[in-house]
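Peer 1: Right, I'll just put the structure down here and ask away after.
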């Protein structure tokens, strides 16, 4: 392979990749492997980078020229409109104008293409001349204004007006005068390559009905479409079908954009020359076509073009169009006129500006349609033919009856001549059996055969109680209690197998009087194999809407666990082995109290049951309504347990008494050590915890917390460690009886109510400063409810 072929091959390879700083070194290595010198590679890279730079400069120049043509405010509005056009808005835009506003379609000139064969050089074009072989030299020469380049030791060479290929031949001939080894036939050892570097720019004038008329700077590769794109396309009255190009005061081209869009013709998109004038005139005629055509648009129509041309532009009719004739609305004088254009006149009916053409669809009327629905295997629409022209034949065509049909009476709906309908009853059973005559059918007859399932409510049975999946199930013939239990996932462990009850509806459609009995019940016993023990070995079968009740065994109970912590011998969880298991029983089971136990401070926490939760929420809502506040539910308090006030000392001294509380599942008993502090919270100046003193009173503790605040309600509340609550009581007019304070107590000073009325339990809870205090308030309410 000779060196010229190698060089050409490398340049072809270079055309298929994007040149950047990151890949330049890779290209050099690739060129070396192909036998191309590093200097030639760098020259080619430089040329391509120059082309990219020029392309960016042309884009900037076009934008600057556009700004110089119009004010910046108008330009910004127009540029904002250059977005994709929704399909529903296209019908209001003249066909073809959207190509200049569609951001996905660009007519910017592409400079990264091989130099066109017909491209003629002129002043400003840069040539890259490479000589290699026996002699090596490189020149970057720009054609001067007089059309020449200058080569050292050779002189000027005139190239203006030549193509790149012609320029290469002329340069070879001239270089041959100083390099004898050029162009020696098969013995040639020196080669010359001429390529285009930077290209010149053009000044193009665009006038007439375009968005931004003016003078634009474009690359010499630019075509007519490139110029129109730079000018923003035609404006609201601009023509797409008569765009003329003038060169040296002579018309050299006339572009019809529709030829490009509809026929793919590109020959009028000529390459522009310096100082070319592009003129866009106003449109001649605009015609609107809508209805059953493929393009519902506004089209620009030339004078003399006919309805046939318009149909070609809109893509023709859709499949549901009525093509025999079209309706046309035309302005005549000071009014409008309707014209009906028949199909034979499409080719000679000339269109006028403002015409509106409407293409109607076919009439939705069938000439031979039969419809069958309901209890047949293939319901739907069928053709009325000599083979299918009666009720029996239509049913057989629909693959027959399904078996669930209400055959005594079907309904045949027939369309009358005045488009009203007549309902005809049909005895399907008699017709299919041949007992009565078949009924002949007419066009648009509709036969409906009802299903038995459509004429009654759905048959179900229900099971409740101690089954894994209680609920409602579809009824089947011969269904038994055992079947429904299996459908419900079987019995729960807590289920009782005796006293299984079935409740059956009372019904008598022929009854003429009421009866006091509203249900009929049956009781059964189940064996371990889920078999019903019935008399005489008969099988009890269910009827629709029967309800089965499986009750819970009275001797079934889950393990119930309580917990004891603190100062006992064996802390941990204990099972309630029997009912009425009390505090004293739990202490005995845990091995008794330790010597460090503070028995007066023993506390009990209990889970809030569902019943207690409902009752507490009701009380809170009532309290809120009385005070005018919003209702508050337990969910806002987030309380799962509450403290139960106990007196463990009395419970242990008097086992079985009321003080010896009966425990419940989930109870938690805590026996603390002695605590020598008292906590003061609420409406005091300095909430604090202080050392307990046997001789100190409530007032003494209040003085250690800074005394009352101005908004304090001076009736302290004392909460003891065991969960009990004591309040200050009024004694006479001037005196109060304060509660006793014990180790570990908490003294709460409520805030005064803004309304001046007596505080509700809800208001007391709202001023509590700790979770313990709030829990105590709730405990007080629950204990009140349980009394």
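Residue numbers (our numbering): 1169 to 1955. In this text, a Cβ means the ideal position worked out from N, Cα and C, and glycines have one as well.
For residue 1741, which residues does DSSP report across the bridge?
Peer 2: In the DSSP output, where bridge partners are listed per residue, residue 1741 has 1731.
Peer 1: Around the Cβ of residue 1424, are there at least 16 other Cβ atoms within 10 angstroms (buried) or fewer (exposed)?
Peer 2: The residue is buried, with at least 16 neighbouring Cβ atoms inside 10 Å.
Peer 1: Along the chain, where does the beta strand (DSSP E) containing residue 1384 start, and where does it finish?
Peer 2: Unbroken beta strand (DSSP E) run through residue 1384: 1382 to 1387.
Peer 1: Report the rounded CA-to-CA distance for residue 1731 versus residue 1860, giving the unit in angstroms.
Peer 2: Their Cα atoms are separated by approximately 29 Å.
Peer 1: Does the beta-carbon distance from residue 1665 to residue 1693 come in below 8 Å?
Peer 2: Yes, these two residues count as a Cβ contact at 8 Å.
Peer 1: Give the DSSP bridge partners of residue 1809, in chain order.
Peer 2: Bridge partners of residue 1809: 1775.
Peer 1: Let me confirm a value: residue 1534 is counted as buried when at least 16 other C-beta atoms fall within 10 Å, else exposed. Which label applies?
Peer 2: Exposed is the call here.
Peer 1: Helix or strand or just coil, what does DSSP make of residue 1817?
Peer 2: Helix, per DSSP.
Peer 1: Taking the Cβ atom as the reference point for each residue, do residue 1644 and residue 1573 lie within a distance shorter than 8 Å?
Peer 2: No. Outside cutoff.
Peer 1: Of the residues 1821, 1408, 1882, which one's Cα is nearest the Cα of residue 1920?
Peer 2: Nearest of 1821, 1408, 1882 to residue 1920, Cα basis: 1882.
Peer 1: Of all the options 1304, 1322, 1326, 1291, which has the alpha carbon lying nearest to the alpha carbon of residue 1312?
Peer 2: Nearest of 1304, 1322, 1326, 1291 to residue 1312, Cα basis: 1291.
Peer 1: Report, in whole angstroms, the separation of the C-beta atoms of residue 1956 and residue 1264, which I expect to be a contact under 8 Å.
Peer 2: The displayed coordinates of the chain run from 1169 to 1955. Any statement about residue 1956 would go beyond what the structure contains.
Peer 1: Note down the Cα distance separating residue 1742 from residue 1726, rounded to an integer number of angstroms.
Peer 2: Cα-Cα distance, rounded: 14 Å.
Peer 1: Could you check whether residue 1718 and residue 1820 sit closer than 8 Å to each other, using their CB atoms as the reference points?
Peer 2: Cβ atoms of residue 1820 and residue 1718: not closer than 8 Å.
Peer 1: Would you say the segment 1552 to 1559 touches the segment 1480 to 1490, given that touching needs at least three Cβ pairs under 8 Å?
Peer 2: In short, these stretches do not touch, since the Cβ pair count stays below three.
Peer 1: On the CB-based measure, 16 or more other CB atoms within 10 Å of its CB, does residue 1708 come out buried or exposed?
Peer 2: Result: exposed.
Peer 1: If you reduce the DSSP assignment to three classes, tell me which class residue 1495 lands in.
Peer 2: The answer is strand: DSSP assigns residue 1495 an E or B state.
Peer 1: Rounding to the nearest angstrom, what Cα-Cα distance links residue 1364 and residue 1336 in this structure?
Peer 2: Going from the Cα of residue 1364 to the Cα of residue 1336 covers about 11 Å.
Peer 1: Could you check where the beta strand (DSSP E) with residue 1579 kicks off and where it finishes?
Peer 2: From DSSP, the beta strand (DSSP E) with residue 1579 extends over 1578 to 1583.
Peer 1: Less than 8 Å between the C-beta atoms of residue 1831 and residue 1749, yes or no?
Peer 2: Result yes, Cβ atoms of residue 1831 and residue 1749 sit closer than 8 Å.
Peer 1: By DSSP, does residue 1660 sit in helix, in strand, or in coil?
Peer 2: Residue 1660 falls in the coil class under three-state DSSP.
Peer 1: Going by CA-CA distance only, name the one from 1392, 1465, 1469 that's closest to residue 1435.
Peer 2: For residue 1435, the nearest C-alpha among the options comes from 1392.
Peer 1: Taking residue 1716 as the reference, which of 1429, 1638, 1465 has the closest Cα?
Peer 2: It is 1638 whose Cα lies nearest to the Cα of residue 1716.
Peer 1: For residue 1648 and residue 1782, I'd like the C-alpha separation in whole angstroms.
Peer 2: Near 40 Å, if we compare the C-alpha coordinates of residue 1782 and residue 1648.
Peer 1: Could you check the C-alpha separation between residue 1334 and residue 1316 for me, to the nearest Å?
Peer 2: So the two alpha carbons sit approximately 14 Å from each other.
Peer 1: For the alpha helix (DSSP H) containing residue 1754, name the first residue and the last one.
Peer 2: Looking at the DSSP string, the run of the alpha helix (DSSP H) that includes residue 1754 is 1751 to 1757.
Peer 1: Let me check understanding here. Comparing Cα to Cα, which of 1593, 1728, 1479, 1616 lies closest to residue 1458?
Peer 2: Of the candidates 1593, 1728, 1479, 1616, the one whose C-alpha sits nearest the C-alpha of residue 1458 is 1479.
Peer 1: How big is the Cα-Cα spacing for residue 1322 and residue 1346?
Peer 2: Going from the Cα of residue 1322 to the Cα of residue 1346 covers about 7 Å.
Peer 1: Could you tell me which uninterrupted beta strand (DSSP E) segments, each at least 3 residues in length, are contained entirely in the segment 1315 to 1363, listed from first to last along the chain?
Peer 2: Complete beta strand (DSSP E) runs here, min 3: 1316 to 1319, 1323 to 1326.
Peer 1: By a C-beta neighbour count over all protein chains shown, 10 Å radius and 16 as the cutoff for buried, is residue 1869 buried or exposed?
Peer 2: So residue 1869 ends up on the buried side.
Peer 1: So what's residue 1841 in DSSP terms, helix, strand or just coil?
Peer 2: Here residue 1841 sits in strand by DSSP.
Peer 1: Count the other C-beta atoms from every protein chain shown that fall within 10 angstroms of the C-beta of residue 1771, then say buried if there are 16 or more, exposed otherwise.
Peer 2: Its Cβ being crowded by 16 or more others within 10 Å, residue 1771 is buried.
Peer 1: Give a yes or no on whether the C-beta atoms belonging to residue 1361 and residue 1417 are separated by under 8 Å.
Peer 2: Cβ atoms of residue 1361 and residue 1417: not closer than 8 Å.
Peer 1: Would you mind stating whether residue 1612 and residue 1655 have Cβ atoms separated by less than 8 Å?
Peer 2: No, these two residues do not count as a Cβ contact at 8 Å.
Peer 1: In terms of residue numbering, what span does the beta strand (DSSP E) encompassing residue 1669 cover?
Peer 2: 1668 to 1673 is the span of the beta strand (DSSP E), which, as asked, contains residue 1669.
Peer 1: Between the alpha carbons of residue 1526 and residue 1379, how many angstroms are there, rounded?
Peer 2: Cα-Cα distance, rounded: 31 Å.
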